[in-house]
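Sequential numbering of the sequence shown, starting at 1, is according to the working numbering. Notes follow the structure.
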Amino acid sequence: MDGFASQAVADLAAWQRLGPLLTDYLPFPAGSLRPTAIVALLDEVLIGDRSVVVQCGSGSSSILLARLLSRRGFGRLLALEHDERAAAFVTSQLRRERLSEVARVVHTPLAAHPAAVGGLSWYEPSVVFEMVTSFVDRNGLVDLLLVDGPPIADGVPETDLSRYPALPVLRGALSPGATVLVGDDADPQSGRAVLDRWSREFGLRFHRDRTAGLAVAVVRI
Numbered sequence: 001m002d003g004f005a006s007q008a009v010a011d012l013a014a015w016q017r018l019g020p021l022l023t024d025y026l027p028f029p030a031g032s033l034r035p036t037a038i039v040a041l042l043d044e045v046l047i048g049d050r051s052v053v054v055q056c057g058s059g060s061s062s063i064l065l066a067r068l069l070s071r072r073g074f075g076r077l078l079a080l081e082h083d084e085r086a087a088a089f090v091t092s093q094l095r096r097e098r099l100s101e102v103a104r105v106v107h108t109p110l111a112a113h114p115a116a117v118g119g120l121s122w123y124e125p126s127v128v129f130e131m132v133t134s135f136v137d138r139n140g141l142v143d144l145l146l147v148d149g150p151p152i153a154d155g156v157p158e159t160d161l162s163r164y165p166a167l168p169v170l171r172g173a174l175s176p177g178a179t180v181l182v183g184d185d186a187d188p189q190s191g192r193a194v195l196d197r198w199s200r201e202f203g204l205r206f207h208r209d210r211t212a213g214l215a216v217a218v219v220r221i
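See the structure below:
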């Protein structure tokens with residue numbers, strides 16, 4: 001079985017596992033986390049007993065995570081989303097499902113950022129500071145960080161470090177033992193530059209879950 005067929009089978013199995021949470025139709029446009037990645041995320045929440053989650057990027061994965069946290073009975077999610085339309089959809093869906101107390105998506109436009117490299121943009125600094133500080137004050141340090149935004153343009157090397165600010169900015173909000181999940185894009189090589197740099201600067205050891213399309217590391221003290 002070739003790689004594409006293996007991935008298709010794994011994704012089909014993941015959809016079946018996600019069945020209990022697929023209570024309403026949700027869109028999964030291009031660039032969304034694959035179902036195998038969402039399963040890996042939810043498994044980490046349950047098996048790792050994660051309860052304070054920050055997500056860079058948002059989408060239907062945010063809604064599924066909010067459903068899981070709500071059914072489990074504890075946990076909070078804060079998602080930063082640069083796309084106003086996407087943020088509005090997720091916010092509306094969370095409100096409709098009465099999940100707004102569990103999860104919040106904040107529209108955070110991309111802007112010049114002091115932690116960015118090469119003239120790239122990241123989430124607007126003042127919004128990130130205010131939202132993350134308030135979130136941590138209410139819920140404690142973050143024990144799960146999912147970095148799946150801003151988008152990396154496939155085949156455009158200049159954007160390979162667009163997600164770099166996530167750790168310089170959020171490292172102080174992470175608890176010892178926190179898990180960092182990083183979404184691979186269509187080309188896994190596109191994210192290698194930022195993972196290599198984070199490994200050097202923060203001492204993180206990432207391993208790639210190729211089935212899920214995620215890179216995973218644990219924050220040490």
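Glycine included, C-beta positions come from ideal geometry on N, C-alpha and C.
At a cut-off of 3 residues, the continuous stretches assigned as beta strand (DSSP E) that sit fully inside the segment 188-213 are 207-209. Bridge partners of Q55 according to DSSP: A79, L146. Rounded to the nearest whole angstrom, the C-alpha separation of F89 and V105 is 10 Å. Of the other Cβ atoms in all chains shown, fewer than 16 fall within 10 Å of the Cβ of L46; this residue is therefore exposed. Distance from the CA of A103 to the CA of S134, rounded to the nearest whole angstrom, comes to 14 Å. Around the beta carbon of Y123, a 10 Å sphere encloses 16 or more other beta carbons of the protein chains shown; the residue is thus reported as buried. Looking only at L146, G73, D11, the smallest Cα-Cα distance to S58 is reached by L146. In the three-state scheme derived from DSSP, where H, G and I count as helix and E and B as strand, P20 is classed as helix.
In terms of Cβ geometry, A79 and Q55 form a close pair [threshold 8 Å]. Pairing V216 with R98, the inter-Cα distance amounts to about 31 Å.
Closest option to A116, judged by alpha-carbon separation, among R197, D137, S92, D43: R197.
For A37, the enclosing alpha helix (DSSP H) begins and ends at 35-47. Close CB contacts of P165 within its chain, under the 7 Å cut and outside five residues either way in sequence, are with H113, A115, A116, W122 (chain order). In its chain, beyond the 5 residues on either side, A40, V216 have a beta carbon closer than 7 Å to the beta carbon of D209. For A103, the enclosing beta strand (DSSP E) begins and ends at 103-107. Within the same chain, Cβ atoms closer than 7 Å to the Cβ of A173 are found at V132, V136, L141, V142, the five residues on either side in sequence being excluded.
In the structure shown, the three-state DSSP call for S175 is strand.
According to DSSP, residue pairing for V218 in a beta bridge involves T179. Under the DSSP definition of a beta bridge, L110 partners with Y123. Shown here for V182: same chain residues with a beta carbon closer than 6 Å to its own, the five before and five after excluded, namely V147, A215 in chain order.
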